[in-house]
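Visitor:
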Amino acid sequence: MLAKFDRGFAQWIAVIIVTLIFVVAQKEWGWLSKYPEGWIIPLDDALNAILDWLVGNLGWFFLGISWLLDWPIKGVRWALNSLPWAVSVFLVTLIAQAASGWRLAVFALLSTLYMVVIGYWEESMNSLSLLAISVPLAILVGFSFGVLGFFSRRAERAIMPMLDILQTVPAFAYLLLILTLFGFGTVVGLIASVLYSFPPMVRNTIVGLRGVSDEIIESGIMSGATPAQLFWQVRVPSSLRQLLLGVNQATMASLSMVIIASIIGGTADIGWEVLSTIRKAQFGESLLAGLVIALMAMIIDRVTSGFAARSGEYDPTEKSFARRHRYWIAAIIGTVLFFALAEFVNVLEEWPREMEFSPAGALNDGLTYLIVNFRTEIETIKTLSLFFVMLPTKIGLQMAVSPFTWGFAMTPAHAAAYAFGMIAIAAFCTAKWNWRIGIFILLFAIFFYIGLTNMPWPAVVLVYSVAGWRIGGYRLGIGTALGFGFMAATGIWHEAMLSIYLCGIAVIISFAIGASIGIWAAHNDTVSAIMRPINDTLQTMPLFVILIPFVMIYKIGEFTALLAIIAYAFVPAVRYSEHGLRNLPENVIEAARMMGSTKWQMLWQVKVPLALPVMMLGLNQTIMYGIAMLVIAALVGTKGLEQVVYVGLSDGNFGHGFVAGIGMAIIAIIADRMTQAWSGKRQVELGLA
Amino acid sequence: MKRNSSDTKKVKLSCRNVWKVYGAHPDQFLKDSKDRFQDPAKLAEAIRESGQIVANANVSFDVHVGETFVIMGLSGSGKSTIVRCLSRLVEPTAGEILLDGDDLLKKSEKELIEIRRHKMGMVFQNFGLLPHLNVIDNIAFPLKLQGRDESERYSQAERVIKLVGLQGRESNFPKELSGGQQQRVGIARSLAVEPDVWFLDEPFSALDPLIRKQMQNEFLRIQSVLHKSIVFITHDFHEALRIADRMAIMRDGEVVQIGRPVDLILNPADGYVRDFTSDVPWEGVLRAADIAEQPQGPVDGLERIPGDTLIENMLRQLADHEEGVVVEGEDGSVLGIATARGVVAALASGSSDAPEAAKRYS
Chain A
51 MLAKFDRGFA
61 QWIAVIIVTL
71 IFVVAQKEWG
81 WLSKYPEGWI
91 IPLDDALNAI
101 LDWLVGNLGW
111 FFLGISWLLD
121 WPIKGVRWAL
131 NSLPWAVSVF
141 LVTLIAQAAS
151 GWRLAVFALL
161 STLYMVVIGY
171 WEESMNSLSL
181 LAISVPLAIL
191 VGFSFGVLGF
201 FSRRAERAIM
211 PMLDILQTVP
221 AFAYLLLILT
231 LFGFGTVVGL
241 IASVLYSFPP
251 MVRNTIVGLR
261 GVSDEIIESG
271 IMSGATPAQL
281 FWQVRVPSSL
291 RQLLLGVNQA
301 TMASLSMVII
311 ASIIGGTADI
321 GWEVLSTIRK
331 AQFGESLLAG
341 LVIALMAMII
351 DRVTSGFAAR
361 SGEYDPTEKS
371 FARRHRYWIA
381 AIIGTVLFFA
391 LAEFVNVLEE
401 WPREMEFSPA
411 GALNDGLTYL
421 IVNFRTEIET
431 IKTLSLFFVM
441 LPTKIGLQMA
451 VSPFTWGFAM
461 TPAHAAAYAF
471 GMIAIAAFCT
481 AKWNWRIGIF
491 ILLFAIFFYI
501 GLTNMPWPAV
511 VLVYSVAGWR
521 IGGYRLGIGT
531 ALGFGFMAAT
541 GIWHEAMLSI
551 YLCGIAVIIS
561 FAIGASIGIW
571 AAHNDTVSAI
581 MRPINDTLQT
591 MPLFVILIPF
601 VMIYKIGEFT
611 ALLAIIAYAF
621 VPAVRYSEHG
631 LRNLPENVIE
641 AARMMGSTKW
651 QMLWQVKVPL
661 ALPVMMLGLN
671 QTIMYGIAML
681 VIAALVGTKG
691 LEQVVYVGLS
701 DGNFGHGFVA
711 GIGMAIIAII
721 ADRMTQAWSG
731 KRQVELGLA
Chain B
234 MKRNSSDTKK
244 VKLSCRNVWK
254 VYGAHPDQFL
264 KDSKDRFQDP
274 AKLAEAIRES
284 GQIVANANVS
294 FDVHVGETFV
304 IMGLSGSGKS
314 TIVRCLSRLV
324 EPTAGEILLD
334 GDDLLKKSEK
344 ELIEIRRHKM
354 GMVFQNFGLL
364 PHLNVIDNIA
374 FPLKLQGRDE
384 SERYSQAERV
394 IKLVGLQGRE
404 SNFPKELSGG
414 QQQRVGIARS
424 LAVEPDVWFL
434 DEPFSALDPL
444 IRKQMQNEFL
454 RIQSVLHKSI
464 VFITHDFHEA
474 LRIADRMAIM
484 RDGEVVQIGR
494 PVDLILNPAD
504 GYVRDFTSDV
514 PWEGVLRAAD
524 IAEQPQGPVD
534 GLERIPGDTL
544 IENMLRQLAD
554 HEEGVVVEGE
564 DGSVLGIATA
574 RGVVAALASG
584 SSDAPEAAKR
594 YS
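Top to bottom, those sequences are chains A and B. Following the numbering used here, the numbering of the first sequence begins with 51 at its first residue and continues without gaps. Following the numbering used here, the numbering of the second sequence begins with 234 at its first residue and continues without gaps.
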């Protein structure tokens, strides 16, 4: 019995005691409960000063780049807009056909026709033109950095943290920087989207080039390849599939950033359409425009991943020139044909306004009907989760429990009962499983009673740092302490806790839902087949769009944000759980079956423990997705760091917004490292890695 | 047939005291304190004690023109490293590699590329085919790198395709082929530039046993046509016996013994070598000349067989001719007489007492 406890247990008990002391002492010493104003480092002012200096001294340089980049954007925009829509629709359909066959072609045809008929053609083309410039740029930049990182470990060590930061600092935080440096206009969206979308290309380039087997390289060398030949004729073609995967990811990231960047306005693109209609509470319109984005995303994703998947396929049969180049020939003939047709049939050139068909009005009416008739149900769900989940987490049971919310006031007797109950549960879990679960329950009980925002900040730093240290070694522990210290020292502590609170609840719920569905899908092919397209769709959906249905029903507020985050973040939990459970070592399963384990024993005692490391990577992704959505959720009025970032953008206070942005990046990176470290450690322990 | 080619004794490729050390300071010992150690084994030990890895320790051997030289060893014995040192895929830490008397280690990168383009061919265990090229383009790849034009590339490739029997597969892609066929592509590619020296790094180890045997026969057939100077790596002793003219056995980066297969069987250098040879089916290794005895009487009228006939292939004749058969040398001279009794004696004898005649045939 005693053997179950080790030094870690004693350390955690010490942490809990210190935490409790802090909690009690914060009534006496104010600096424990609130980081003193006087200690705050004015980092935001420093950042603003740097920005001012940059604008003053190097402004001409950035404006020059901006001027240069503006030309290709204008050119593509002009081309796409002056092309008769019939030609564009034909070309998109043809590309879809070439990438993955007639199903995608039909889908692309219907989707583009929808864009035309609904009246968003021009806006769509404006977004697409930005994408047409940003994707090649991102690929070029990403591939170059990837090659650099591939050849030089030192360069890789410098590049990787840069990628982490670019992918975790919320876009809103650096949009203002770009705006200030490069001036107002579409160029901002372009640069932001390149910055956000080239990292996946770097990663895939490095992984792809590293993945080429030694023997292929050696066979290239022995064939007498010069270094240049070896690179372009052996390494690159051998890693083509991974490179194209990078292209796919870069394209999707680019699209999502092009949409997000339209928040600065003046772009007349489809992202702006969604945003402005949401702001005007025209939900029908925003839903229709959001659908355009979703369709665009799906087509682009399927086309690029289709080409990636086909890169490994070769058709051995000999073909004539016409057959080999059939798509090019079809493209030329079709373009000429539709061009000519559009000259005579005006409808093909430009879809007339009076023929646009928009069910927005009907959608709005339907929505009103829904809200009016189900008001009680809608409100009840919101109230219940507010009173019993969100408020206690935020301000603690001690403040959340009141006659108005819970129906009774918190008395010392209640508190004592809560304390004893939680200690009993923790003791039970310790006896039944191990002390880690017991400690976790105790810590949870304390946090839930005091409330995340009311916890003394040194206690929070302590708990997270010790967790980091125990999971990932002293480096992670120190990193965590520094990260949380940064948030205290720059005066964003309160907002950071609000972000963690909202995102934390969302992640727990998302993971619970997602993992359950994943477990179900791993055992049921029908469920799996149903979930796959849903997951695909949600994952390719730009974040704005996911907000729309929830804003429609619950208007603005934290609860809306919570639902939107869950809707987006549960997907990786499903994916990884199913993947983890479906790819277990067959011999272990067979052995367990031969021991006569029941279905439930098999699941809980064999499969889940073995799949847990992979499921943990799902949790990791759930957190990352949750944070990504949280940033966007600032639009519906949350109160955490994301809001500071957003306000920084709209108020033009770069320093303030950027510090908060770094704070969010810190939260993301710490969460990422902790879950990764745990998963990695566990996989090694299980001998799976 | 193949016995004879090695008799010319002209050295094609020579490996002189080659060391390969992996570690923080690989050449520290070899530069500074080489003289302190007379015995390379002691030097290797000292390097190992410093925490570095010795992949090859003082490896020396010659590969003669037209012979198949097999390097045999278990995994981790350094055999793959040494073949990579020979082609400078791996840079040796010390030593000399002489190709036609020229030290490869003194060549510049540029000269080396030229040598690889014209003088060397290599076959890899897992084939090392380029996944994006079809069979003919894979085979013609070395020629493409040399900038030869398409018609020349394809006619040359077509020639080696015939040699390895892959006609009709030209436009298939590697993943559409079986393992055996993929390795035929690998072999064809390595022969496309008509190299002098042919490296084969465990070429058949990734294939299943039946295909492996078939490919060995194929290899022997190709070699009987081309007479390349070959370095062949394997961990399979039986494979080594089948194809080697001479072979080296490696352990812990060092060469334990070099010699003809029959020498190794009959006179293993130590227990390590004996472990390999002990379960060898002798009738598949010993040849008529190895068991020939001095004729007791006149040999006229007896059936004659060539000296390099494997015992397993002459059992029928021995059964039919109780008095024995005459074993003749390449030039038709009489080497001795082989009898069923002699065969039984040879098979029954341990490696300790080798048939006398074996010593005469060399």
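Just so it is clear, CB atoms sit at the ideal spot from N, CA and C, and this is done for glycine as well. Predicted, not measured: the structure shown is a model, and the values here were computed from it.
Starting from B:N405, trace the beta strand (DSSP E) in both directions and tell me its first and last residue.
Guide: Per DSSP, B:N405 belongs to no beta strand (DSSP E) and is neither H nor E.
Visitor: Enumerated in chain order, which unbroken segments of the beta strand (DSSP E) with a length of 3 residues or greater are wholly contained in the stretch 210 to 255 of chain A?
Guide: DSSP runs (the beta strand (DSSP E)) wholly in the stretch 210 to 255 of chain A: none.
Visitor: List, in chain order, every chain B residue whose beta-carbon is nearer than 7 Å to that of A:V284.
Guide: In chain order: L363.
Visitor: Kindly list, in the order they appear in chain A, the residues whose Cβ is closer than 8 Å to that of B:S310.
Guide: Neighbours of B:S310 on chain A: none; closest Cβ ~19 Å, over 8 Å.
Visitor: At a CB-CB cut-off below 7 Å, which residues of chain B make contact with A:Q279?
Guide: Residues of chain B passing the Cβ test: L378.
Visitor: Is it right to say A:V244 is buried, meaning 16 or more other beta carbons lie within 10 angstroms of its own, or is it exposed?
Guide: Classification for A:V244: buried.
Visitor: Nearest to B:Q490 by CA position, among B:L440, B:D469, B:D429, B:V303, is which residue?
Guide: With distances taken between Cα atoms, B:Q490 lies closest to B:V303.
Visitor: Give the C-beta separation of B:F294 and B:A481 to the nearest angstrom, bearing in mind that I take them to be a contact with Cβ-Cβ under 8 Å.
Guide: With a Cβ gap of about 5 Å, B:F294 and B:A481 count as contacting.
Visitor: Counting only runs of 3+ residues fully inside the stretch 439 to 510 of chain B, write out the beta strand (DSSP E) ranges in chain order.
Guide: Segments of the beta strand (DSSP E) lying fully in the stretch 439 to 510 of chain B: 462 to 467, 479 to 484, 487 to 492.
Visitor: Taking 8 Å as the threshold (C-beta atoms), are B:P494 and B:A477 in contact?
Guide: Closer than 8 Å, so yes.
Visitor: Could you give the DSSP three-state label for B:G565: helix, strand or coil?
Guide: Here B:G565 sits in coil by DSSP.
Visitor: Tell whether a beta-carbon distance below 8 Å holds between B:P436 and A:G274.
Guide: No. Outside cutoff.
Visitor: Does B:S388 get closer than 8 Å to chain E when you measure Cβ to Cβ?
Guide: You won't find chain E in this structure, because its protein chains are A and B.
Visitor: Using only the alpha-carbon positions, how far apart do A:L613 and A:F600 sit?
Guide: One C-alpha to the other measures close to 7 Å.
Visitor: When the Cβ atoms of the stretch 339 to 351 of chain A are set against those of the stretch 159 to 176 of chain A, are three or more pairs found closer than 8 Å?
Guide: As far as the Cβ criterion goes, the stretch 339 to 351 of chain A touches the stretch 159 to 176 of chain A, which means the pair count is three or higher.
Visitor: When DSSP labels each residue in this structure, what does B:N291 get in the three-state scheme?
Guide: Correct three-state label for B:N291: strand.
Visitor: Please tell me whether A:A290 has its Cβ less than 8 Å away from any Cβ of chain B.
Guide: According to the sequence provided, residue 290 of chain A is Leu. The question's Ala does not apply to it. Yes, contact with chain B.
Visitor: Any idea which residues DSSP pairs A:I393 with across the strands?
Guide: This sequence places Glu at residue 393 of chain A; Ile is not what is there. Paired residue(s): none; A:E393 is not in a bridge.
Visitor: Residues in its own chain within less than 7 Å of B:T314 by CB, not counting five upstream and five downstream?
Guide: For B:T314, where only same-chain residues beyond five positions count, the Cβ hits under 7 Å are K253, A288, N289, V323.
Visitor: Select from A:F333, A:W128, A:F281, A:F388 the residue whose C-alpha is nearest the C-alpha of A:I596.
Guide: For the residues A:F333, A:W128, A:F281, A:F388, the minimum Cα distance to A:I596 belongs to A:F333.
Visitor: Around the C-beta of B:V251, are 16 or more other C-beta atoms found within 10 angstroms, so that it is buried, or is it exposed?
Guide: Classification for B:V251: buried.
Visitor: Between A:G261 and chain B, is the shortest Cβ-Cβ distance under 8 Å, so that the two count as touching?
Guide: For A:G261, the answer is no, since every Cβ of chain B falls outside 8 Å of its Cβ.
Visitor: Quick one: Cα of B:L424 to Cα of B:E516, how far?
Guide: Roughly 33 Å separates the two Cα atoms.
Visitor: Does the distance from the C-beta atom of B:S597 to that of B:F432 stay below 8 Å?
Guide: In the structure displayed, chain B extends from 234 to 595; residue 597 of chain B sits before or after that span and is not available.
Visitor: How far does the beta strand (DSSP E) with A:L178 in it extend, from its first residue to its last?
Guide: Careful: A:L178 lies outside any beta strand (DSSP E), inside the alpha helix (DSSP H) at 171 to 201.
Visitor: Ignore the nearest five residues each way along the sequence and tell me which others in B:Y255's own chain have a CB closer than 7 Å to its CB.
Guide: Same-chain partners within the cutoff: Q285, I286, A288.
Visitor: If we define contact as Cβ-Cβ less than 8 Å, is A:M51 a contact residue for chain B?
Guide: Confidence at A:M51 is low in this model, with a pLDDT of 43, below 50, so the placement of that residue should be treated as unreliable; the coordinate-derived value is given next. So, not an interface residue.
Visitor: Compute the Euclidean distance between the alpha carbons of A:T276 and B:K352, then round it to the nearest angstrom.
Guide: Roughly 16 Å separates the two Cα atoms.
Visitor: Closest to A:N633 by C-alpha separation, out of A:I712, A:S289, A:H573, would be which residue?
Guide: Out of A:I712, A:S289, A:H573, A:H573 has the C-alpha closest to the C-alpha of A:N633.
Visitor: Which full runs of the alpha helix (DSSP H) of 4+ residues lie inside the stretch 463 to 537 of chain A, going along the chain?
Guide: List check, alpha helix (DSSP H) in window: 485 to 500.
Visitor: Anything in chain A within Cβ reach of B:V320, meaning under 7 Å, just list it in chain order.
Guide: In the sequence as displayed, the identity of residue 320 of chain B is Ser instead of Val. Within 7 Å Cβ-Cβ: M272.
Visitor: Mind checking B:D586: buried by the 16 CB within 10 Å criterion, or exposed?
Guide: Bear in mind that the predicted position of B:D586 carries a pLDDT of just 45, short of 50, making it too unreliable to give a figure here.
Visitor: Nearest to A:F561 by alpha carbon, out of A:L526, A:Y618, A:P592, A:N254?
Guide: Ranking A:L526, A:Y618, A:P592, A:N254 by Cα distance to A:F561 puts A:Y618 first.
Visitor: Please list the partners that B:F374 has in chain A, where partner means a Cβ-to-Cβ separation under 7 Å.
Guide: The contacting residues are S273.
Visitor: What does B:R537 pair with, by DSSP beta-bridge criteria?
Guide: DSSP, once it has assigned bridges, lists B:V559 as partnering B:R537.
Visitor: Can you tell me where the alpha helix (DSSP H) holding A:L345 begins and where it ends?
Guide: That run of the alpha helix (DSSP H) goes 333 to 360.
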